[in-house]
Amino acid sequence: MKQFRYLFINLLIIMAPIYGNWDLISNGKRCQGTVVDIKEIKQQLFYETYPIITYKVGDKTYKIQGPENADYPIGKQLELIYAKDKPSAAIIYSVSGFLSQWYTILALVLLILWNAFYLSFLKGKPQYTRSSNTNKKKSLE
Numbered sequence: 004m005k006q007f008r009y010l011f012i013n014l015l016i017i018m019a020p021i022y023g024n025w026d027l028i029s030n031g032k033r034c035q036g037t038v039v040d041i042k043e044i045k046q047q048l049f050y051e052t053y054p055i056i057t058y059k060v061g062d063k064t065y066k067i068q069g070p071e072n073a074d075y076p077i078g079k080q081l082e083l084i085y086a087k088d089k090p091s092a093a094i095i096y097s098v099s100g101f102l103s104q105w106y107t108i109l110a111l112v113l114l115i116l117w118n119a120f121y122l123s124f125l126k127g128k129p130q131y132t133r134s135s136n137t138n139k140k141k142s143l144e
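Here the sequence shown stands for residues 4 to 144, numbered as in our numbering.
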């Protein structure tokens, strides 16, 4: 029963990003965006690149920054999804677009912490073999 609870909690944590994006997935509007520029940001020793994507909703044009170091050439058409009430916050309609949301990062951190917590309280000590016990006794004498 404890193992079932452990697996159930892991499943709930893994499902958190889907739950967080469910409204967007089920009710979001889709549109086409175009990569218009590649923005380079210098970090300490290297550059990170971000595609700049423009898209149009109604009469208004919006601009978003794509995922870090994505290899999208200028002019590439991408499918975007946005909430009806917030067209300025579109994301790329792909697995990587959904995985780059803060829900996913939070769920991953929570999953690591939960597993570390649960596994640290497992009962039982490692069993030593007979030969290793005799070696310990000899070294103590």
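In this text, a Cβ means the ideal position worked out from N, Cα and C, and glycines have one as well. Note that the coordinates shown come from a computational prediction; the quantities given were computed from them, not determined experimentally.
- Task: Please classify L83: does DSSP put it in a helix, a strand, or coil?
- Result: The count along the sequence shown starts at 1 and reaches residue 83 at position 80. Three-state DSSP puts L83 in a strand.
- Query: Taking the runs of the alpha helix (DSSP H) that are 4 residues or longer, which of them lie wholly in the stretch 5 to 66?
  - Reply: 5 to 30
- Query: How big is the Cα-Cα spacing for E82 and Y96?
  - Reply: Reading the sequence shown from its first residue, position 79 is the one you call residue 82. Reading the sequence shown from its first residue, position 93 is the one you call residue 96. Going from the Cα of E82 to the Cα of Y96 covers about 6 Å.
- Cα separation between I41 and T57? Taking the sequence shown and counting its residues from 1, one reaches residue 41 at position 38. Taking the sequence shown and counting its residues from 1, one reaches residue 57 at position 54. I41 and T57: Cα-Cα distance of roughly 12 Å.
- Query: Would P70 pass as a contact of S103 if the rule is Cβ separation under 8 Å?
  - Reply: For the purposes of this step, residue 70 is taken as residue 67 along the sequence shown, with counting starting at 1. For the purposes of this step, residue 103 is taken as residue 100 along the sequence shown, with counting starting at 1. Yes, they are a contact pair.
- Within 8 Å, strictly: CB atoms of G78 and V112: Counted from its first residue, the sequence shown places residue 78 at position 75. Counted from its first residue, the sequence shown places residue 112 at position 109. For G78 and V112, no; Cβs fall outside 8 Å.
- Message: Once the 5 residues before and after L116 are set aside, which same chain residues still bring their CB inside 8 Å of it?
- Response: By one-based count along the sequence shown, residue 116 stands at place 113. None.
- Once you ignore the five residues that flank Y121 on each side, which residues in its own chain have a CB closer than 7 Å to its CB? Position 118 of the sequence shown, counting from 1, holds the residue named residue 121. Hits under 7 Å: Y9.
- Selected residue, minimal CA-CA separation from S91, among Y106, N118 and V60: For the purposes of this step, residue 91 is identified with residue 88 of the sequence shown, where counting begins at 1. Among Y106, N118 and V60, the Cα nearest to that of S91 is on V60.
- To which residues does DSSP link Y95 through a beta bridge? Reading the sequence shown from its first residue, position 92 is the one you call residue 95. The amino acid at residue 95 is misidentified as Tyr; the sequence shows Ile. In DSSP, I95 forms a bridge with L83.
- Can you name the residues that DSSP bridges to Q68? The residue labelled residue 68 in the question sits at position 65 within the sequence shown. Per DSSP, I55.
- Item | Close beta carbons around K87, own chain, < 8 Å, minus the five adjacent residues each side | Here residue 87 refers to the residue found at position 84 when the sequence shown is read from its first residue. Closer than 8 Å at Cβ, skipping near neighbours: N30, G31 and K32.
- Message: Given a cut-off of 8 Å on the beta-carbon distance, is the pair K66 and I55 in contact?
- Response: In the sequence shown, counting from the first residue as 1, residue 66 sits at position 63. In the sequence shown, counting from the first residue as 1, residue 55 sits at position 52. Yes. Within cutoff.
- Message: Rounded to whole angstroms, what is the Cα-Cα separation between G23 and L14?
- Response: Reading the sequence shown from its first residue, position 20 is the one you call residue 23. Reading the sequence shown from its first residue, position 11 is the one you call residue 14. So the alpha carbons of these two residues sit roughly 14 Å apart.
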